Amino acid sequence: MFKQVLKGVLLLFFISSAMAAPKDAMQLRLQKIDSRIEVVAVKESPIDNFYEVQLSSGDLLYVNKQADYIFTGNLLEITNDGLVDLTEDSRSNIRTKIIQAVPVAEQVVFAAKGKTKAVVQIFTDSTCPYCSRLHEQVPELNKQGVEVRYLAFPRQGPQGKGFDDLVNIWCADDRQQAMTAAKAGKKLATKQCDNPIAEQYNLGRKLGVQGTPAIFLPDGRVIPGFVPAERLISELGL
Numbered sequence: 001m002f003k004q005v006l007k008g009v010l011l012l013f014f015i016s017s018a019m020a021a022p023k024d025a026m027q028l029r030l031q032k033i034d035s036r037i038e039v040v041a042v043k044e045s046p047i048d049n050f051y052e053v054q055l056s057s058g059d060l061l062y063v064n065k066q067a068d069y070i071f072t073g074n075l076l077e078i079t080n081d082g083l084v085d086l087t088e089d090s091r092s093n094i095r096t097k098i099i100q101a102v103p104v105a106e107q108v109v110f111a112a113k114g115k116t117k118a119v120v121q122i123f124t125d126s127t128c129p130y131c132s133r134l135h136e137q138v139p140e141l142n143k144q145g146v147e148v149r150y151l152a153f154p155r156q157g158p159q160g161k162g163f164d165d166l167v168n169i170w171c172a173d174d175r176q177q178a179m180t181a182a183k184a185g186k187k188l189a190t191k192q193c194d195n196p197i198a199e200q201y202n203l204g205r206k207l208g209v210q211g212t213p214a215i216f217l218p219d220g221r222v223i224p225g226f227v228p229a230e231r232l233i234s235e236l237g238l
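Residue numbering for the sequence shown follows the working numbering, beginning at 1 and increasing consecutively.
Here's what the structure looks like:
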């Protein structure tokens with residue numbers, strides 16, 4: 001009886017070790033390349049003997065289970081309906097989890113009229129002309145049941161007029177009104193408060209944002225640049 005219990009305990013130990021090992025092994029192996037590399041998650045890939053490895057930088061790698069071969073790039077699956085970009089699917093899932101974790105209170109929200117059918121999150125800069133054009137579409141989006149949540153992305157980084165304007169918006173008594181005024185070219189009252197502008201800028205960079213507007217759809221897809229309300233509604237399947 002004792003031997004059976006001991007055998008069971010050892011089996012559980014080896015199973016637990018095997019489950020924990022991939023991430024630790026990848027971390028140790030990849031840090032030999034660059035000590036700054038941090039492994040966030042490891043999961044089985046569709047390729048035999050290879051893991052999909054997510055780094056803290058947001059990059060995805062494919063590493064064999066012995067951790068001595070690496071390849072990067074997009075993994076495509078050939079199906080009867082054409083090519084499926086499996087890597088982009090993974091990136092979309094990661095983006096969705098990250099951006100949806102941003103507290104609503106730290107965003108500038110333009111709520112849908114009536115029932116909310118979809119939520120889009122947009123990295124914006126009040127000095128960006130295309131952001132102003134997109135903001136003109138917000139009333140129609142709200143009317144069609146789309147809630148718009150803005151995040152800050154000062155294109156010139158954490159300094160300059162764009163950064164200061166976004167601070168003024170986020171610190172305003174009425175953020176929605178301040179956002180609309182700023183995008184109409186009006187001068188805002190100077191405000192200071194504890195704000196998430198720099199943090200959201202860094203988040204945008206981590207998510208691969210290179211310019212504004214950058215529209216994140218609920219499924220993790222990203223639409224860069226201005227699009228009219230009709231196209232955005234169509235992309236949302238509404």
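Cβ atoms here follow ideal geometry from the backbone N, Cα and C, with glycine treated the same way. The model shown is predicted, which means the values in this text are computed figures rather than measured ones.
| query | Is there contact between the region 132 to 145 and the region 97 to 115, where contact requires at least three CB pairs shorter than 8 Å? | reply | yes
| query | What is the rounded straight-line gap between the Cα of GLY162 and the Cα of GLN31? | reply | If you take the alpha carbons of GLY162 and GLN31, they lie about 37 Å apart.
| Spatial neighbours of LEU188 in its chain, beta-carbon cut-off 8 Å, leaving aside the 5 residues before and after | ASP165, ASN168, ILE169, ALA172, ALA178, ALA181 and ALA182
| query | Three-state secondary structure (DSSP) at TYR150? | reply | strand
| field | Alpha-carbon spacing of GLN156 relative to SER45, whole angstroms | value | 38 Å
| field | Touching by the beta-carbon criterion (3+ pairs, under 8 Å), the region 191 to 209 and the region 64 to 77 | value | no
| field | Where GLY204 falls: helix, strand or coil (DSSP) | value | helix
| query | Helix or strand or just coil, what does DSSP make of VAL104? | reply | helix
| field | Helix, strand or coil at GLN121 [DSSP, three-state] | value | strand
| message | Distance check for GLU106 and SER17, CA to CA, integer angstroms please. | response | Confidence at SER17 is low in this model, with a pLDDT of 37, below 50, so the placement of that residue is unreliable and no value is reported for it.
| Do ASN49 and LYS65 have their C-beta atoms within less than 7 Å of each other? | For ASN49 and LYS65, yes; Cβs fall inside 7 Å.
| query | Taking one C-beta from the region 110 to 129 and one from the region 142 to 154 each time, how about it: are there three or more such pairs within less than 8 Å? | reply | yes
| query | Between ILE33, GLY82, ARG95 and GLY185, which lies nearest to ASP125 when the distance is taken from Cα to Cα? | reply | GLY185
| said: Just to check my reading of the structure: ALA198 and PRO224 have Cβ atoms closer than 8 Å, yes? What is that Cβ distance to the nearest angstrom? | reply: ALA198 to PRO224, Cβ: 22 Å. No contact.
| field | Within 7 Å, strictly: CB atoms of PHE216 and ARG133 | value | no
| What does a CB cutoff of less than 8 Å around GLN176 pick up in its chain, not counting 5 residues either side in sequence? | Cβ neighbours of GLN176 beyond the five flanking positions: VAL108, VAL109 and PHE110.
| task | Give the C-beta separation of GLY58 and GLY211 to the nearest angstrom, bearing in mind that I take them to be a contact with Cβ-Cβ under 8 Å. | result | No, GLY58 and GLY211 are not in contact; Cβ-Cβ is about 17 Å, not under 8 Å.
| message | Measuring straight from C-alpha to C-alpha, what distance separates ALA67 and GLU77? | response | 23 Å
| Backbone secondary structure at PRO213 - three-state DSSP | In the structure shown, PRO213 sits in coil (DSSP, three-state: anything other than H, G, I, E or B).
| Per-residue burial, VAL104 [other beta carbons within 10 Å of its own, 16 or more giving buried] | When all chains shown are included, VAL104 counts as exposed.
| task | Please say whether TYR51 and VAL39 have beta carbons closer to each other than 7 Å? | result | no
| request: Quick one: using the 10 Å Cβ neighbour count with 16 as the cut-off for buried, is GLY114 buried or exposed? | output: Counting every other CB atom within 10 Å of its CB across the protein chains shown gives GLY114 a total below 16, marking it as exposed.
| request: Compute the Euclidean distance between the alpha carbons of ALA25 and GLN54, then round it to the nearest angstrom. | output: 13 Å
| When the Cα atoms are used, what is the spatial distance from LYS191 to ARG29? | As the crow flies, the alpha-carbon of LYS191 is around 48 Å from that of ARG29.
| query | What do you get for VAL63, buried or exposed, if any count of 16 or more other CB atoms within 10 angstroms of its CB means buried? | reply | Its Cβ being crowded by 16 or more others within 10 Å, VAL63 is buried.
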